[in-house]
Amino acid sequence: MHTPTDVIAGVGLRARPGKSHWPARMDLAQSLSGLLLGLFMWGHMFFVSTILVSKDFMWSVTKAFEGYFFFDRSYPVLVSFVVGGIAAVFVLHAFLALRKFPASYRQYRTFTSHRALLKHEDTTLWWVQVVTGFALFFLAAPHLFQMLMHPGAIGPYGSADRVWSASWWPLYLVLLLAVELHGGIGLYRLAVKWGWLQGADAEAGRKRLKTAKWALTAFFLVLGLLTLAAYMKIGYEHRDRVGERYTPAWVQPQEPAK
Ligand code: HEM
Numbered sequence: 000m001h002t003p004t005d006v007i008a009g010v011g012l013r014a015r016p017g018k019s020h021w022p023a024r025m026d027l028a029q030s031l032s033g034l035l036l037g038l039f040m041w042g043h044m045f046f047v048s049t050i051l052v053s054k055d056f057m058w059s060v061t062k063a064f065e066g067y068f069f070f071d072r073s074y075p076v077l078v079s080f081v082v083g084g085i086a087a088v089f090v091l092h093a094f095l096a097l098r099k100f101p102a103s104y105r106q107y108r109t110f111t112s113h114r115a116l117l118k119h120e121d122t123t124l125w126w127v128q129v130v131t132g133f134a135l136f137f138l139a140a141p142h143l144f145q146m147l148m149h150p151g152a153i154g155p156y157g158s159a160d161r162v163w164s165a166s167w168w169p170l171y172l173v174l175l176l177a178v179e180l181h182g183g184i185g186l187y188r189l190a191v192k193w194g195w196l197q198g199a200d201a202e203a204g205r206k207r208l209k210t211a212k213w214a215l216t217a218f219f220l221v222l223g224l225l226t227l228a229a230y231m232k233i234g235y236e237h238r239d240r241v242g243e244r245y246t247p248a249w250v251q252p253q254e255p256a257k
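In numbering that gives the first Met the number 0, the protein residues as written are 0 to 257.
Rendered as structure tokens:
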């Protein structure tokens, strides 16, 4: 039990290192929330990129999330629930990451001089993760809020109008770069930290993981850029009919039989 002096001075608490399980718990929670967000982003990129196949396919995926094929009508609020869950994990992950940011100019200088001294690629990658993570605080928030409040405005035309006519594409471009770098490095660091997929030779394992990391980042960046270009093109072509919703030909109401 802590005495009042412990609590007031805070000294006694810090003078007993190794007693608290919280740093380890927070580390685990940060790893798990990061893993969940990384896996979510892979799924997200595949769903969003269905526009590269066809408008009908992207429409079908959107409607599936709205429960259309299950209830025979759309409930966009179902998407809001998913967004709410992801946003909660995102906030938790960001909160836990705050502990890792340099908290003063002095800490920042210590880190940069160590980085210069070590010249180790993984130390530089860690810094890229800190910078992109900081950017994500600001870049992801408007997107998540938009998706939370207007889930019904997702679709081949709704999304393309937002990207082009509502000028969201610059935000998406920077968000895409930040999230792919951040997620790729994050998943690589998770594998190194917890010893996943390393094999018997740790050095060779790390090399393999790094190759896989860059390959995945390059793949998702190219996929993301092509997807963004597709929404921009559709949005540009649809610029005079902003607000109109896409409906596949096979869903149009049938002409009454004569
Ligand atoms: C459940 C939560 C989410 C939903 C439902 C969602 C949905 C969407 C949709 C429908 C688009 C297409 C553009 C549009 O309609 O405006 C999009 C694009 C995008 N989203 Fe999300 N999103 C979610 C979470 C996130 C998160 C957490 C991030 C990153 C931190 C993110 C990053 C992006 C990026 C970078 C694009 C542009 C895609 C590209 O250029 O290929 N999204 N999202």
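We treat Cβ as the ideally placed atom computed from N, Cα and C, and that holds for glycine. Remember, predicted model here, so these are calculated numbers, not experimental data.
query	result
Assess, as a yes-or-no matter, whether the stretch 167 to 179 is touched by the stretch 128 to 136 under the definition of 3 or more beta carbon pairs within less than 8 Å.	yes
For Tyr74, which residues in the same chain have their Cβ closer than 7 Å to its Cβ, ignoring the five residues on either side in sequence?	Glu65, Gly66
Measuring straight from C-alpha to C-alpha, what distance separates His149 and Arg105?	44 Å
Suppose the cutoff is 7 Å on Cβ atoms and the five residues either side in sequence are ignored; what does the same chain contact list for Trp58 look like?	Gly154, Pro155, Tyr245, Pro247
Is it buried or exposed, Met40, if we count other Cβ atoms within 10 angstroms and call 16 or more buried?	buried
Touch check for the stretch 188 to 205 and the stretch 90 to 97: three-plus C-beta pairs under 8 Å?	no
Straight-line CA distance for Val250 to Val52?	18 Å
Please confirm whether any heavy atom of the ligand HEM lies closer than 7 Å to the CB of Thr49.	no
What three-state label does DSSP hand Val81 in the structure shown?	helix
Between Ala87 and Leu97, what straight-line distance do the alpha-carbon atoms span, to the nearest angstrom?	16 Å
Taking the continuous alpha helix (DSSP H) assigned at Trp171, which residues delimit it?	First, the amino acid is wrong: residue 171 is Tyr here, not Trp. Taken as a continuous stretch (DSSP letters only), the alpha helix (DSSP H) holding Tyr171 covers 168 to 193.
Confirm, please, whether the CB-CB distance from Gly234 to Ala139 is below 8 Å.	no
How would you label Met0, buried or exposed, when you count the other beta carbons within 10 angstroms and need 16 or more for buried?	Model confidence at Met0 stands at a pLDDT of 47, short of 50, so the residue's coordinates are unreliable; what they give is reported in the following sentence. Label assigned to Met0: exposed.
With distances taken between CB atoms, is the gap from Thr216 to Val47 smaller than 8 Å?	no
To the nearest angstrom, how far is the alpha carbon of Leu222 from that of Tyr230?	12 Å
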